[in-house]
Amino acid sequence: MNPSPAVSVCIITYNQAAYIRQAVESAIAQKTSFDYEIVVGDDQSTDATPTILGELERAHGPKLRVFRRDANLGVTRNLAETLQACRARYVALLEGDDYWTDPRKLQLQHDFLESHADHAIVFHRVEVRGADGSLRRLLPARRVAKRARMTDLLERGNFIPTVSVMYRHQIREFPEWFYSLRIGDLPLNVMQAQLGDIGFIDRVMAVYRLHEGGTFSTIGNAQRVEQVVKMYTHLNDHLERRYDRLITGVSSYWRAVELFSRGEEREARGYARLRFAAPPTNRQRFMAGLMAYAPRLYLAVRRLYPAPT
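Position in the sequence shown (from 1) plus 214 gives the number in our numbering.
What follows is the structure, encoded as structure tokens:
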């Protein structure tokens, strides 16, 4: 294999024995005109994941390199260290419980970044499938602009499915706060988007899998909100508070929804007012306004449209 592959496939995994073979083999099945490598960071799995990775490594080395952690690092540190082991100009992310469905995915994304020097990121549409394999929806679910910027991520949240993304490999060192997070995808995308625009290929090329072993499925909603607010706080500092009203507003909405669901309506409405007073003007701001100033109508709308808004 070429010592300088054009693309590195970065896979992180922890106790995903039921899925890891399909993930790795979907990367191995890619058809490209260039050399690429597959770099796996196994965060000290205690199930059969290491055994499966050993079998795959013997069959597909040296294209496939597996890094076995001596201690459980947590998702963000494992991600950072696996990215640091990647050698290529471009990096595609693939979590160990997801998989790719289009053998031309890497070629198409590589060619896009080669021809769009002002872009740092390219992603595509994916299928969301349940543990039984049933199709639940597509991500992104709505129409997507062919070009986006960092501010779009701050305003809309993370609309880039991790299984779909390819970056220019420009970030080699990570701020210390990144390692304290349980959510790494949005901060990583924001840091990458500081270096260039975001491109979109409107083609389904991967599956994001829903199952009970997902990163956030084992913790309660209050803890999830705490982690989201922590992430936004660090992002706000990282961006030197240039987008303080926007980030504080979005973060406040997460707090408002959680507090309202627990019956703490007065405090929830205070956070909702913070969101309503901040940009951007979108569905979330509309819902914040209902919560703050017409809470009964807010409840009625949420009953009609129970999905996160």
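Every residue, glycine too, gets a C-beta built ideally from N, C-alpha and C. Predicted, not measured: the structure shown is a model, and the values here were computed from it.
Own chain residues within Cβ distance below 8 Å of R343, not counting five before or after: Stepping through the sequence shown from its first residue, residue 343 is reached at position 129. Closer than 8 Å at the Cβ level, and outside the excluded window around R343, lie L349, R350, V421, Y422, R423 and L424.
Sequence-distant residues of the same chain with beta carbon closer than 7 Å to F490, five excluded per side: Counting from one through the sequence shown, the residue named residue 490 turns up at place 276. The residues are R499, A502, G503 and A506.
Where the beta strand (DSSP E) through S222 begins and ends: Taking the sequence shown and counting its residues from 1, the one referred to as residue 222 is at position 8. V221 to T227 is the extent of the beta strand (DSSP E) around S222.
Neighbourhood of H452 by C-beta, 7 Å cutoff - its chain only, sequence neighbours within 5 removed: The count along the sequence shown starts at 1 and reaches residue 452 at position 238. Correct list, in chain order: P389.
Coarse secondary structure for G503, derived from DSSP in three states: As a working note, residue 503 is residue 289 in the sequence shown. Looking at G503 - three-state DSSP - the assignment turns out to be helix.
Cβ neighbours of Q236 in the same chain (closer than 8 Å, five flanking residues each side left out): Residue 236 sits at position 22 when you count from the first residue of the sequence shown. Y313, listed in sequence order.
R282 versus I461, Y457 and D256, residue with shortest Cα-Cα distance: To locate residue 282, count along the sequence shown from 1; it is residue 68. The residue with the shortest Cα to Cα distance from R282 is D256.
Q408 versus A231, D261, D332 and A486, residue with shortest Cα-Cα distance: Sequence index remark: in the sequence shown, residue 408 carries index 194 (1-based). The candidate whose alpha carbon is nearest that of Q408 is D332.
Close-in-space but distant-in-sequence residues of the same chain around H324 (CB under 8 Å, 5 per side omitted): As a first step, residue 324 is located in the sequence shown; it is residue number 110 there, counting from the start. Counting only Cβ-Cβ distances below 8 Å, and skipping sequence neighbours, we find A220, V221, T246, F248, Y304 and M380.
8 Å contact criterion, which T263 and Q230 should meet: CB distance rounded: The sequence position of residue 263 within the sequence shown is 49, counting from 1. The sequence position of residue 230 within the sequence shown is 16, counting from 1. A Cβ-Cβ separation of about 6 Å places T263 in contact with Q230 under the 8 Å criterion.
Best match in V377, S329 and G371 for proximity to I225 [C-alpha to C-alpha]: What you label residue 225 is simply residue 11 of the sequence shown in a count that begins at 1. Among V377, S329 and G371, the Cα nearest to that of I225 is on V377.
Spatial distance of N450 from L513 (CA atoms): Taking the sequence shown and counting its residues from 1, one reaches residue 450 at position 236. Taking the sequence shown and counting its residues from 1, one reaches residue 513 at position 299. About 30 Å.
Unbroken alpha helix (DSSP H) run spanning H452, endpoints: Position 238 of the sequence shown, counting from 1, holds the residue named residue 452. Per DSSP, H452 belongs to the alpha helix (DSSP H) from N435 to H452.
Test item: CB-CB of V253 and T290 under 9 Å: As a working mapping, residue 253 is identified with position 39 in the sequence shown. As a working mapping, residue 290 is identified with position 76 in the sequence shown. No, the pair does not count as a contact, with Cβ atoms beyond the cut-off.
Residues that DSSP places opposite M380 in a beta bridge: As a working note, residue 380 is residue 166 in the sequence shown. Paired residues: A306 and V336.
Span of the beta strand (DSSP E), counted from its first residue to its last, around Y250: Residue 250 sits at position 36 when you count from the first residue of the sequence shown. Residues Y250 to D256.
Status (buried if at least 16 other CB within 10 Å, exposed otherwise) for N403: The residue you call residue 403 lines up with position 189 of the sequence shown. Looking at its Cβ environment, which holds 16 or more other Cβ atoms inside 10 Å, N403 is buried.
In chain order, each beta strand (DSSP E) run of at least 3 residues that lies wholly inside the segment 269 to 307: Runs of the beta strand (DSSP E) spanning 3 or more residues and lying entirely within the segment 269 to 307 occur at 278 to 282, in chain order.
Option in S218, R318 and T365 with minimal Cα separation from R459: As a first step, residue 459 must be located in the sequence shown, where it is residue number 245. It is T365.
According to DSSP, residues forming a beta bridge with G341: The count along the sequence shown starts at 1 and reaches residue 341 at position 127. The question names Gly, yet the displayed sequence has Glu at residue 341. In the DSSP output, where bridge partners are listed per residue, E341 has L352 and V421.
Cβ distance (whole Å) where P401 is taken to contact M445 below 8 Å: What you label residue 401 is simply residue 187 of the sequence shown in a count that begins at 1. What you label residue 445 is simply residue 231 of the sequence shown in a count that begins at 1. 6 Å between Cβ atoms; contact.
Simplified DSSP state of D411, which is helix, strand or coil: Mapped onto the sequence shown, residue 411 falls at position 197. D411: strand per DSSP, three-state reduction.
Local conformation of A514 per DSSP, three classes: To locate residue 514, count along the sequence shown from 1; it is residue 300. Three-state DSSP puts A514 in a helix.
Residue from L368, Y228 and I335 whose Cα sits closest to the Cα of L293: Counting from one through the sequence shown, the residue named residue 293 turns up at place 79. Comparing Cα positions, the closest option is Y228.
Segment limits, alpha helix (DSSP H) that includes Q323: Locating residue 323 in the sequence shown gives position 109, counting from the first residue. K319 to S329 is the span of the alpha helix (DSSP H), which, as asked, contains Q323.
Closest residue to W468 among Y457, R361 and L488 (Cα-Cα distance): The residue you call residue 468 lines up with position 254 of the sequence shown. Ranked by how close their Cα comes to the Cα of W468, the residues Y457, R361 and L488 have L488 in first place.
Spatially closest choice to R363 from F474, I397, F414 and P354, by CA coordinates: For the purposes of this step, residue 363 is taken as the residue at position 149 of the sequence shown. Closest by alpha carbon: F414.
Member of Y233, R476, Q441 and F326 whose CA lies at the smallest distance from the CA of S259: Against the sequence shown, residue 259 aligns to sequence position 45. Minimum Cα distance to S259 is reached at Y233.
Beta-ladder partner(s) of A362, from DSSP: Residue numbering aside, residue 362 sits at position 148 when the sequence shown is read from its first letter. Partner(s): I412.
Beta-carbon proximity of V443 to S475, cut-off 9 Å: For the purposes of this step, residue 443 is identified with residue 229 of the sequence shown, where counting begins at 1. For the purposes of this step, residue 475 is identified with residue 261 of the sequence shown, where counting begins at 1. Not closer than 9 Å, so no.
Identified DSSP bridge partners for W314: Position 100 of the sequence shown, counting from 1, holds the residue named residue 314. A420, per the DSSP bridge assignment.
Run of the alpha helix (DSSP H) containing F490, from where it starts to where it stops: By one-based count along the sequence shown, residue 490 stands at place 276. Per DSSP, F490 belongs to the alpha helix (DSSP H) from E479 to F490.
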